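Let me begin by presenting the structure, written as C-alpha cells, before commenting on it.
In my numbering, the protein residues as written are 1 to 234.
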C-alpha cells in the first residue's frame, strides 16, 4: 500500500517567534509546514512546491497578504488552494476585504496555536471530504464534478475558491430548501466561525458574480438565509 504524503502547509509570517510556534504545532499535528518571512517569497515557493493550504499573515513585507491572496486566486494553477488569513487587525472591514479577495478563513492575533491547527484541519476536511454517491451535480447548464473539483457552465470552466466550491455544492445538494446563515456556517465552514454570518453573504455574492446564472437562482430569504430555487423545466 502506498504511503500517503504529508499535507503541506505554507505559512507566510514575518515574526520569527510566531513562525516557529506555528511550525512546531503544525509538525506536531502531522503536517509538513514551510515557513517564509517575506511576501515576495510566497508565489515562488508555491510554484516550486504547491501546498495543500496557505496561512498568510496580512502585514507581510514585500507583498502583503491581501496582494498575495489576490495573486493566488488569479492564477488558474493555484486558485483552489485554501487560504487562511492571519493578522493583528480585528476590524470587520479587514475581515471582509480578505474574504472578498478569496480567503477561506480569518484568524486574528493573539491566537492559540491549537486553534490554528483546528482551523487548518477543518478547512482541509471540508475541501477534501469524501464525495457522495453521485459525484456529479447538475443545475441547468451548470455542472459540478466533485471528484475533480471542477465547475462548468455551458462547458466553460469557472474558477472557484475551495470555500465557494463547497458552498455551491451544498446549495445544489439542498436545492429548494431554505438554509439559514447559521446552518451554512455550521455545515460548510464546519465550526463556529468568529467572522459572523456576513461571511456567508460575501461568499454568496461572489458565487452570483462568478456564475451569473445563479444571480436570480439563489434567493435571499430576508433576515434568515438563502435558497437555491429548483431549476425551471427544460
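For glycine and all other residues, C-beta sits at the position ideal for the given N, C-alpha and C.
Every value quoted in this text rests on a predicted model; they were computed, and no experiment measured them.
query                                                                                                                        : result
Reduced DSSP category for residue 5 - H, G, I as helix; E, B as strand; rest coil                                            : coil
N-terminal and C-terminal residue of the alpha helix (DSSP H) that residue 144 is part of                                    : Counting along the chain, residue 144 falls outside any alpha helix (DSSP H), though it belongs to the beta strand (DSSP E) covering 142 to 145.
At least 3 beta-carbon pairs within less than 8 Å: the stretch 6 to 19 vs the stretch 30 to 40                               : yes
Local Cβ density within 10 Å of residue 223, reported as buried at 16 or more and exposed below that                         : exposed
Residue nearest to residue 105 in terms of C-alpha spacing, selected from 123, 111, 160 and 80                               : 123
From 43, 18, 117 and 51, residue whose alpha carbon lies closest to that of residue 30                                       : 117
Beta-ladder partner(s) of residue 152, from DSSP                                                                             : 143 and 157
Backbone secondary structure at residue 81 - three-state DSSP                                                                : coil
Neighbourhood of residue 96 by C-beta, 7 Å cutoff - its chain only, sequence neighbours within 5 removed                     : 198 and 202
C-alpha distance - residue 220 paired with residue 41, whole-angstrom precision                                              : 41 Å
For residue 227: DSSP bridge partner residues                                                                                : 178 and 219
Sequence-distant residues of its chain with Cβ nearer than 7 Å to residue 206 (five each side left out)                      : 164
Buried versus exposed call for residue 74 [16 or more other C-beta atoms within 10 Å across all chains shown]                : exposed
Candidates 147, 138 and 171: closest to residue 155 by CA position                                                           : 138
Backbone secondary structure at residue 51 - three-state DSSP                                                                : coil
Residues of its chain near residue 130, where Cβ-Cβ distance is below 7 Å and the 5 sequence neighbours each way are ignored : With a pLDDT of only 42 at residue 130, under the threshold of 50, the placement of this residue in the model should not be trusted, and no figure is reported.
Where residue 37 falls: helix, strand or coil (DSSP)                                                                         : coil
Cα-Cα separation between residue 64 and residue 120, rounded to whole angstroms                                              : 21 Å
Classification of residue 77 by the beta-carbon crowding that lies within 10 angstroms, buried from 16 upward                : exposed
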